[in-house]
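Here the structure comes first, spelled out in structure tokens, and everything after it is commentary.
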Amino acid sequence: MKRNLLATTMLGALALQFALPASQAAADPETGGTLRILGTAEVDRFDTVPPATAVTGNFFRAVQRQLVSFKASDDPDEQIQPFGDLATDIPTPTDDGLTYTFTLRDGANWDAPDGARQITSADVARGFKRMCNPSLPSPSISFFDGLIEGVTEFCEGFADIEPTPEAMKEYIEGNDIAGIETPSDDTVIFRLTEAANDFIYLLTLVPASPAPIEVLDYQPDSPDYRENYIASGPYTVESYVPDSVVHLVRNPAWEAESDPLRNAYVDEIDVIAGVQADAAMQQLQSGDGDMLYDIPVPPVTVQMLNMQGDDKISAVAQGSSKMVWINTVSDNNDGALRNLKVREALAYAIDRAAVVQQFGGEEFASPLHGIMPAGVVGHHEFNLFPTPDDKGDPEKAKALLAEAGYPDGLTLKMPFRNLGSDPAVAQVIQAAFQEAGFTIELIPTPASDFYARLITNFENAQNGVWDLVPSGWSPDWPGGAARSIYTPQYTYDGTHGTFNFSDYNNPEATELAEQALVTTDLEESRELWEQVDEMVTADVPTIPLVSLQTVMYHGEDVENFLPYAAGGQGDWTNVWLDR
10 MKRNLLATTM LGALALQFAL PASQAAADPE TGGTLRILGT AEVDRFDTVP PATAVTGNFF
70 RAVQRQLVSF KASDDPDEQI QPFGDLATDI PTPTDDGLTY TFTLRDGANW DAPDGARQIT
130 SADVARGFKR MCNPSLPSPS ISFFDGLIEG VTEFCEGFAD IEPTPEAMKE YIEGNDIAGI
190 ETPSDDTVIF RLTEAANDFI YLLTLVPASP APIEVLDYQP DSPDYRENYI ASGPYTVESY
250 VPDSVVHLVR NPAWEAESDP LRNAYVDEID VIAGVQADAA MQQLQSGDGD MLYDIPVPPV
310 TVQMLNMQGD DKISAVAQGS SKMVWINTVS DNNDGALRNL KVREALAYAI DRAAVVQQFG
370 GEEFASPLHG IMPAGVVGHH EFNLFPTPDD KGDPEKAKAL LAEAGYPDGL TLKMPFRNLG
430 SDPAVAQVIQ AAFQEAGFTI ELIPTPASDF YARLITNFEN AQNGVWDLVP SGWSPDWPGG
490 AARSIYTPQY TYDGTHGTFN FSDYNNPEAT ELAEQALVTT DLEESRELWE QVDEMVTADV
550 PTIPLVSLQT VMYHGEDVEN FLPYAAGGQG DWTNVWLDR
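Residue 10 is where the sequence shown starts when you use the numbering used here, and the numbers rise one by one after that.
The following block contains the structure:
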């Protein structure tokens, strides 16, 4: 019998890593206890279709399973390696990379209303069908639309359906996606329109989770859906008080033998909302809390903990980065930024070491010299524009400027987002460029306008409203996410894209990227992406600044704290408590 939640309540590849303490590594696992997760906001979604934040992935790690997922690990390479979750293994594609056949694990169950029930291939197909429901569609459907055969046609038909549970259930159960075949309960076959070796990584996304037929009786993520929650992970929702706490207990249908990724040592998990950052850190240090949900560890706190020799700090790279975009389409300064030597001068001028400090130091950021950040396949160590200690080389930059025909320098306009650390970072960038002979006009811009109205509006680039802009990017998944870095930012097919701010295009690099995506040899793919990285970096459409790390901290009672890269936190399902 399912728990009545409403009656009970009335109710979002290399990482900077710190060494685990020896006692933690050697301790024997213990079971039991309640893990207390502290957050400012509540878990915003219970339904797998529309997760809105990366941190929500930590919640879904505990309550739902996907065909493919990641291990919790303190090894940066292992963190971004996909492993079979519901699938028995990672299959080798056939038909020149167009067909993937998965076998489901026996004993992987739903906590269904009438008792434990095996997850089947039909549930996997149903999960994909739900993604483009007309009531609450998933942004992730765009990754599969045009990639899996028949998704486009299925979703076009779904768009015309009345967004009621009855009508949507009838459409889902009465129509199939041509490229998702279910020849047996334990076999699901995906047929792609083109080879894509990052398809495996796409299957790690929460919206790609299977769905039991019972959820079709409720509006997606509605109170009824939450009240009748059905879990496939080691935990399920027992009670939920909005804006206060989500209480998870063991899922009685979960079988440890069927789950190679989650050990589920603790008995219960409380996700507590409404806790501010300072209070959360105090609670972790006093023993009144165990782990963080959506709260970043403040830089000043990290510095203090480091001075104290606190060994409960660790970090994980999720592929986030910061860079400076260069406007090569405007006629400002007679088109000076179209001159490669001018862009190279900017690349030599930048003081990455100072930028690192503005993000809180090496615990939070590391110098980045290419377009592929740490935590993404294709990231590797190279430096086409080396400077002493990454502090910039203003004399080299001045020489390049003079060689380009600008011995007196250039005046450039640089809007920046007037929020958080961005103003301080903009000032550091300004100082480095000015030392190299550039005059930088800083233009503070409200955060609400910076991307939505200024930078993504291509007319502003064409009209020379800006010459340089500090920007940032995060992929939608860790690991094999090079496509999600390269394609939206560094390709141009004649139609301006939202995030390629200067219509940058390198046909040779794009050809290599296409080869990197279709090869079934993942090592070859990695090498090709490294070539793409170096080729684009040499063109200097952007100046890479830093790879960002997510700093994590936990309470004294937490043992076996291992990063889960897809959630940017420690894995709730693999820690145990010593208290």
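C-beta: ideal position from N, C-alpha, C; glycine also.
Please report the distance separating the alpha-carbon of residue i from that of residue j.
| i | j | result |
| --- | --- | --- |
| GLN33 | ASP340 | Note on GLN33: pLDDT 43, under 50, position unreliable in the model; the coordinate value appears next. One C-alpha to the other measures close to 59 Å. |
| TYR109 | ILE46 | 37 Å |
| ASP1 | VAL250 | Only positions 10 to 588 of the chain appear in the structure, and residue 1 is not among them; the question remains open. |
| ASN184 | ILE222 | 14 Å |
| ALA574 | TYR562 | 15 Å |
| THR448 | GLY577 | 38 Å |
| ALA456 | ASN427 | 6 Å |
| PRO484 | ARG271 | 24 Å |
| ALA28 | SER323 | Note that ALA28 scores 38 on pLDDT, short of 50, meaning its location in the model is unreliable; the coordinates nonetheless yield the value given after this. The straight-line gap from Cα to Cα measures roughly 8 Å. |
| ASN569 | PRO305 | 20 Å |
| PRO172 | MET140 | 13 Å |
| ASN336 | VAL365 | 24 Å |
| ILE239 | ALA125 | 10 Å |
| GLU371 | ILE281 | 30 Å |
| PRO229 | ASP169 | 17 Å |
| GLU468 | ASP580 | 44 Å |
| ASP276 | PRO516 | 54 Å |
| TRP263 | ASN583 | 15 Å |
| ALA525 | PRO232 | 44 Å |
| MET300 | TYR274 | 15 Å |
| TYR495 | PHE373 | 23 Å |
| GLY2 | MET316 | Any property of residue 2 remains undetermined from this structure, which presents the chain solely from 10 to 588. |
| ALA24 | VAL215 | In this prediction, ALA24 scores a pLDDT of 36, lower than 50, which makes its location untrustworthy; the coordinate-derived value is nonetheless stated afterwards. Whole-angstrom Cα-Cα distance: 23 Å. |
| ARG462 | LEU145 | 26 Å |
| PRO416 | VAL549 | 20 Å |
| PRO30 | THR40 | Residue placement at PRO30 is flagged as unreliable, the pLDDT there being 39, under the threshold of 50; the coordinate-derived value follows with that caveat. About 20 Å. |
| GLU523 | VAL545 | 14 Å |
| TRP119 | GLN73 | 9 Å |
| ASP431 | PRO397 | 25 Å |
Between the Cα of residue i and those of the options, spot the shortest distance and give me the residue it belongs to.
| i | options | result |
| --- | --- | --- |
| ASP591 | GLU203, ALA363, GLN75 and GLU444 | No statement about residue 591 is possible, as the shown extent of the chain runs from 10 to 588 and does not include it. |
| LEU257 | GLY242, PHE373 and GLU264 | GLY242 |
| ARG135 | GLN90, ASP83, THR191 and PRO85 | THR191 |
| ILE452 | LYS422, ALA168 and ALA345 | LYS422 |
| GLN443 | PHE373, PHE153, ALA406 and GLU87 | ALA406 |
| ASP207 | ILE239, VAL77, GLU266 and PRO85 | VAL77 |
| GLY401 | ASP169, ASP566 and ILE552 | ILE552 |
| GLU158 | ILE189, ALA131 and PHE137 | ILE189 |
| ALA435 | GLN471, VAL338 and LYS331 | LYS331 |
| ALA96 | VAL215, ASP268 and TYR227 | ASP268 |
| PHE152 | LEU145, SER493 and LEU377 | SER493 |
| GLY116 | LEU463, PRO146 and GLN127 | GLN127 |
| ALA187 | CYS164, LEU301 and LYS178 | CYS164 |
| PHE394 | PRO416, GLU353, VAL385 and ALA408 | GLU353 |
| VAL560 | ALA445, GLU51, PHE391 and PRO307 | PRO307 |
| VAL338 | ASP476, VAL437, ALA413 and GLY298 | ASP476 |
| PRO479 | MET177, GLY418, ASP84 and ARG361 | ARG361 |
| LYS321 | LEU293, ASN348 and TRP334 | LEU293 |
| ASP226 | PRO122, TYR210 and PRO85 | PRO122 |
| ASP608 | PRO143, SER147, LEU113 and ILE438 | The question about residue 608 has no answer here: the residues shown for the chain are numbered 10 through 588. |
Where DSSP assigns a beta bridge to residue i, which residues make up the other side?
| i | result |
| --- | --- |
| VAL555 | LYS331 and PRO376 |
| ASP120 | ALA125 |
| PRO479 | VAL333 |
| ASP279 | ARG45 and HIS256 |
| TRP585 | GLU568 |
| ILE189 | PHE199 |
| MET561 | SER323 |
| PRO91 | PHE79 |
| GLN578 | TYR573 |
| ILE494 | DSSP, once it has assigned bridges, lists no residue as partnering ILE494. |
| ALA96 | LEU113 |
| MET300 | ILE46 and HIS563 |
Does any heavy atom of the ligand SAH sit closer than 7 Å to the C-beta of residue i?
| i | result |
| --- | --- |
| PRO59 | Looking for the ligand SAH in the displayed structure turns up nothing, as the structure carries no ligands at all. |
Requested in this report: Counting only runs of 3+ residues fully inside the segment 400-465, write out the beta strand (DSSP E) ranges in chain order.
Outcome: Within the segment 400-465, the complete beta strand (DSSP E) runs of at least 3 residues are 419-426 and 447-454.
Report task. Could you pull out every unbroken alpha helix (DSSP H) segment of at least 4 residues lying fully inside the segment 30-86, listed in chain order? Result -> If one requires a minimum length of 4 residues, the alpha helix (DSSP H) runs lying completely within the segment 30-86 are 31-35 and 65-72, in chain order.
Query raised in the report: Between the segment 289-297 and the segment 341-355, are three or more C-beta pairs nearer than 8 Å?
Result: Taking 8 Å as the limit for Cβ pairs, the verdict is that the segment 341-355 does not touch the segment 289-297.
Query - the segment 522-542 contacting the segment 378-386, beta-carbon criterion three pairs below 8 Å - result: Under the Cβ criterion (8 Å, minimum of three pairs), the segment 522-542 counts as touching the segment 378-386.
Query raised in the report: Along the chain, which unbroken stretches of the alpha helix (DSSP H) at least 4 residues long are found entirely within the segment 341-401?
Result: Listed in chain order, the complete alpha helix (DSSP H) runs (minimum 4 residues) inside the segment 341-401 are 349-358 and 361-367.
Query raised in the report: Just checking, does the segment 300-315 make contact with the segment 528-537 on the three C-beta pairs under 8 Å criterion?
Result: Result no; under three Cβ-Cβ pairs closer than 8 Å.
Query raised in the report: Touch check for the segment 211-220 and the segment 50-63: three-plus C-beta pairs under 8 Å?
Result: Touching, yes.
Requested in this report: Could you tell me whether the segment 109-124 touches the segment 195-212, where touching means 3 or more Cβ pairs closer than 8 Å?
Outcome: Enough Cβ pairs lie closer than 8 Å, so yes.
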